[in-house]
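K.L.:
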Amino acid sequence: MNVAGVIILIVLLGIAFAAGYFTRDYISNKRRAEARRWREYAEPEWLTANAPANTNEISSAITAIPAVTGELGQMLDRWESRARARRAG
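Following the working numbering, the numbering of the sequence shown begins with 229 at its first residue and continues without gaps.
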């Protein structure tokens, strides 16, 4: 009887934990969608779902990417330059 109570409590704790994560994800997605609406976000044409991933080959679509000047583009440029600097020296 005592062991069954502990197991039930652990299961309920797991359900509550999962519900918290799902709620947090749902609210975050709503906030991001609202932020995109406020900033009038439009997906850039160079961002395609069929772009090669995890390959060493450079396709013509990737080399034709214009310079990104948005906040995300600037952040990605900084990350890439830091990664290059770490690899170089």
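Cβ coordinates follow ideal geometry from the N, Cα and C atoms, glycine included.
Using CA coordinates, which residue listed in Tyr254, Arg265, Gly298, Gly317 is at the minimum distance from proline 272?
P.N.:
The candidate whose alpha carbon is nearest that of proline 272 is Gly298.
K.L.:
Does DSSP put alanine 270 in a helix, in a strand, or in coil?
P.N.:
DSSP places alanine 270 in coil when its eight states are reduced to three.
K.L.:
The alpha helix (DSSP H) with glycine 301 in it runs from where to where?
P.N.:
299 to 316
K.L.:
What number of angstroms, rounded off, separates the C-alpha of glutamate 262 from the C-alpha of aspartate 305?
P.N.:
25 Å
K.L.:
Please report the straight-line C-alpha distance between alanine 246 and glutamate 308, rounded to a whole angstrom.
P.N.:
35 Å
K.L.:
Can you tell which of Ile236, Leu300, Arg315, Ile238 has its C-alpha closest to the C-alpha of alanine 270?
P.N.:
The residue among Ile236, Leu300, Arg315, Ile238 with its C-alpha nearest the C-alpha of alanine 270 is Leu300.
K.L.:
Can you give me the C-alpha to C-alpha distance between lysine 258 and isoleucine 235, rounded to a whole angstrom?
P.N.:
35 Å
K.L.:
Measure the C-alpha to C-alpha separation of glutamate 268 and glutamine 302 and round it to an integer number of angstroms.
P.N.:
18 Å
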